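Student: This note's numbering applies: residue 518 is where the sequence shown begins, and numbers increase by one. After the structure tokens below, expect a handful of questions from me.
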Amino acid sequence: HLTGSVAEGLLINNNCTVAPADALMPVATVYLYEGADRPLAELSDNGGDNTYQPYASTNVYFDGVSEYSFSLGFIDAGVYTAALSCDVQDDPEVADEVMFLQAQNTEITASSTPVEADFSE
């Protein structure tokens with residue numbers, strides 16, 4: 518299980534949506550890739566054709582107050598690269614061009630305790 522947050526300043530500095538009036542509107546997407554140190558330029562979106570395909574992805578939502586958070590469950594134990602993008606219109610049937618802002622390595626263990634991955638400025 519992977520949970521985390523995204524700094525509002527990071528979203529603002531990259532011209533992403535912040536504080537949407539509709540709490541159901543995603544502001545960003547977190548993609549998870551098997552393996553560590555995956556280069557941003559080689560990451561694909563869902564249905565993409567770059568070197569690395571996502572293991573899973575989830576949207577980042579604003580809580581209506583001050584937090585931008587995400588959660589991904591049911592992840593096999595292993596080492597992954599988590600990557601953040603503000604491109605929330607991913608069509609899984611098309612190889613969309615997605616710009617990734619940041620990536621970080623994370624290790625998921627066979628535990629019920631969620632692993633935290635925060636994206637900061």
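We treat Cβ as the ideally placed atom computed from N, Cα and C, and that holds for glycine. As the structure is a computational prediction, the values presented were derived from the model and not from experiment.
Taking the straight line between their C-alpha atoms, what separation do you get for Tyr578 and Gln619?
Tutor: Taking the sequence shown and counting its residues from 1, the one referred to as residue 578 is at position 61. Taking the sequence shown and counting its residues from 1, the one referred to as residue 619 is at position 102. Straight-line Cα distance between these residues: approximately 17 Å.
Student: Alpha carbon to alpha carbon, what distance is there between Arg555 and Val547?
Tutor: In the sequence shown, the residue the question calls residue 547 occupies position 30. In the sequence shown, the residue the question calls residue 555 occupies position 38. Cα-Cα distance, rounded: 14 Å.
Student: Do Phe617 and Leu557 have their CB atoms nearer than 7 Å?
Tutor: Residue numbering aside, residue 617 sits at position 100 when the sequence shown is read from its first letter. Residue numbering aside, residue 557 sits at position 40 when the sequence shown is read from its first letter. Yes. Within cutoff.
Student: Per DSSP, Tyr569 is paired with what?
Tutor: Along the sequence shown, read from residue 1 onward, the residue named residue 569 stands at position 52. According to DSSP, which records beta bridges pairwise, Tyr569 is partnered with Leu560.
Student: According to DSSP, simplified to helix, strand and coil, what is Leu541?
Tutor: Stepping through the sequence shown from its first residue, residue 541 is reached at position 24. DSSP places Leu541 in coil when its eight states are reduced to three.
Student: Is it buried or exposed for Leu549, if we count other Cβ within 10 angstroms and need 16 for buried?
Tutor: Position 32 of the sequence shown, counted from the start, is the residue given in the question as residue 549. Burial call: buried.
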